[in-house]
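Following: one structure in structure tokens, then a few remarks.
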Amino acid sequence: MPYNVGHQLSIPTSSLVKIETSSDDLKVGVSDLMAWLCLLMILSTCQTTWALDTRSESKLSNLTRELLESAREPEFFGWLKRIRRRIHEYPELAFEEDNTSQLIKSELDSLGVEYSWPFAKTGVVGSIGSGLQPWFGLRADMDALPIQEMVEWEHKSKNNGKMHACGHDAHVTMLLGAAKLLERMKDELKGTVKLVFQPGEESYGGAYHMLKEGALDNVQGIFGLHVAPEIPVGTVDSRPGPMLAASGRFIATINGKGGHAARPQDTRDPILAASFAILALQHIVSRETDPLDAMVVSVGFVEAGQAGNVIPETMRFGGSIRSMTTEGLVFLQQRVKQIVEMQAAVHQCTASLDFMEEKMRPYPSTVNDEAMYKHAKQVGEALLGESNVRLAPMIMAAEDFSFYSQKMKAAFFFIGAKNEAVKSVKRLHSPYFVIDEEVLPIGAAFHAAVAISYLDGHAMDTQ
Ligand SMILES: [Zn+2]
Ligand SMILES: [Zn+2]
């Protein structure tokens with residue numbers, strides 16, 4: 001609005017200058033009249049825009065209020081909690097989410113929502129609306145982590161060594177909640193909402209496989225949520241552009257020549273070669289890259305030898321490389337390979353590098369589309385109030401939502417799950433991870449409102 005007000009003022013000012021400098025009275029009169037006519041036209045246009053904006057703003061705030069009230073009704077909220085706790089009790093690892101997938105299908109059946117499956121082994125895609133374009137996607141990931149839950153509570157994981165420590169149980173629940181809200185309004189939807197339940201987010205690139213199998217063909221835009229124990233319940237945050245890092249793994253194997261520790265002259269020591277290589281890798285970020293470009297090279301494990309008096313034949317080590325840009329990740333891969341191979345050669349050993357392109361596919365960086373970010377931010381502000389939608393910092397964590405963001409207009413938001421009163425303060429991937437379940441109805445309403453208003457906006461554009 002302030003931009004339009006400025007525009008209105010600029011017209012009469014320039015017309016006044018014309019009046020003072022012109023020598024032709026008739027011309028002055030005509031230019032004066034024309035200027036004021038222009039001003040009147042612009043004023044009437046501005047008023048129309050203002051009226052439209054005000055109407056759509058109040059429509060959005062009514063929509064978000066109704067959705068959140070519905071999701072917080074005791075019966076609805078109770079249903080959400082039951083689903084989340086059931087998934088939490090039976091966590092399943094990447095591409096093994098058979099029972100979770102079954103639960104999703106039976107809930108969609110009960111709601112009367114159509115779906116297609118399987119995608120990427122256990123993935124399910126629900127569909128609500130006219131079936132016609134535009135198609136808008138909402139995404140939830142389903143997999144758990146190989147972590148033993150240490151939280152003592154009634155619904156503790158019953159699958160030994162597996163835990164929903166990244167909140168994906170809540171993500172599935174919030175998307176089923178959105179399905180219930182959207183199904184009630186299906187006749188009013190100006191297009192189609194695709195509910196994307198995907199497997200294997202934790203390191204296995206389930207999103208990549210969903211896309212490869214055509215699960216999101218013809219989807220124009222997508223929105224995703226991740227619970228965040230760092231920010232309070234009732235708040236969300238995100239940022240336009242790059243948000244999460246591109247990430248990849250590597251395993252280096254250095255081959256030397258083993259022998260007696262007392263006769264090093266007969267050996268080619270792979271441990272020494274690997275030690276030099278690990279030190280040299282630390283110089284990539286400190287010496288070769290712009291300090292303002294965020295990158296990470298971390299070595300997470302080393303394996304070699306079994307006895308103190310034997311020099312082994314080989315040594316393996318592996319780690320994680322990250323960058324805020326996908327190009328940066330490609331650069332890191334090249335330099336890690338060169339440095340390890342050359343350090344091995346210096347010590348008369350050989351090296352091979354595996355970047356696990358197939359098994360643990362590197363993730364591109366998660367980049368939010370500016371317009372989609374703005375859209376979801378407006379919806380978040382209507383839902384939770386302006387001060388509860390914040391600008392997220394860039395972080396070096398990675399998400400396979402990035403594969404969607406490469407293919408279509410996408411926005412990814414963190415949704416607050418922190419509440420000191422219920423001790424939901426532990427970080428993601430902690431065996432003590434807890435969420436405040438108050439996040440469930442908020443996430444359901446946020447998902448539904450982003451989709452409904454996206455379809456409304458795009459139906460208007462095509463008229
Ligand atoms: Zn995780
Ligand atoms: Zn996660």
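Residue numbers (UniProt numbering): 1 to 463.
Idealized CB from N, CA, C, for every residue including glycine.
All values derive from a computational prediction rather than experimental measurement.
Asked                                                                                                                           : Found
Heavy atom of ligand 1 within 7 Å of C166 beta-carbon                                                                           : yes
Reference residue 474; option with closest CA among A144, A246 and E107                                                         : What the structure shows of the chain is the stretch from 1 to 463, and residue 474 is not part of that stretch, so it cannot be assessed.
E89 at chain B interface by Cβ criterion, 8 Å                                                                                   : Given the protein chain composition of this structure (a single chain), no chain B is represented.
beta-carbon L189 near ligand 1 non-hydrogen atom, thresh 7 Å                                                                    : no
Within 8 Å, strictly: CB atoms of Q198 and M243                                                                                 : no
beta-carbon H209 near ligand 4 non-hydrogen atom, thresh 7 Å                                                                    : Absent from the structure shown: ligand 4. Ligands present: ligand 1 and ligand 2.
Where T64 sits in the DSSP three-state scheme                                                                                   : helix
Unbroken stretches of the alpha helix (DSSP H), 4 residues or longer, contained in the stretch 98 to 148                        : 98 to 111
The stretch 142 to 156 touching the stretch 400 to 414, judged by at least three CB pairs closer than 8 Å                       : no
Where C46 sits in the DSSP three-state scheme                                                                                   : Its pLDDT being 45, under 50, C46 is placed unreliably in this model, and the coordinates cannot settle the point.
S157, DSSP secondary structure in three states                                                                                  : coil
Ligand 2 heavy atom lying under 7 Å from the CB of H88                                                                          : no
Ligand 2 heavy atom lying under 7 Å from the CB of E201                                                                         : yes
Between the CA atoms of L60 and H226 - distance to the nearest angstrom                                                         : 23 Å
Secondary structure, alpha helix (DSSP H): runs of 4+ residues fully inside the stretch 162 to 239                              : 168 to 184 and 206 to 212
Cβ-heavy atom distance, H226 to ligand 2, below 7 Å                                                                             : yes
Check: S354 C-beta below 7 Å from any heavy atom of ligand 2                                                                    : The question names Ser, yet the displayed sequence has Asp at residue 354. No, Cβ of D354 sits at least 7 Å from all heavy atoms of ligand 2.
Between the CA atoms of R249 and Y454 - distance to the nearest angstrom                                                        : 36 Å
Reduced DSSP category for S387 - H, G, I as helix; E, B as strand; rest coil                                                    : helix
Cβ-Cβ separation, T173 to I278 (assumed contact under 8 Å), whole Å                                                             : The pair is not a contact, with the Cβ atoms about 43 Å apart (cut-off 8 Å).
Exposure label - M163; buried when at least 16 CB within 10 Å                                                                   : buried
Cβ neighbour criterion (16 or more within 10 Å) applied to L292                                                                 : exposed
L455, DSSP secondary structure in three states                                                                                  : helix
Exposure label - R427; buried when at least 16 CB within 10 Å                                                                   : exposed
Cut-off 6 Å between Cβ atoms - residues of its own chain near S14, not counting five sequence neighbours on either side         : For S14, the pLDDT reaches just 34, beneath the cut-off of 50, and the residue's location in the model is therefore unreliable, although a value from the coordinates is still provided. Correct list: empty, nothing qualifies.
Length-filtered (4 minimum) alpha helix (DSSP H) runs lying within the UniProt domain "Peptidase M20 dimerisation" (250 to 343) : 270 to 283
Contact set for R361: own chain, Cβ-Cβ below 6 Å, skip 5 residues either direction                                              : G205 and Y208
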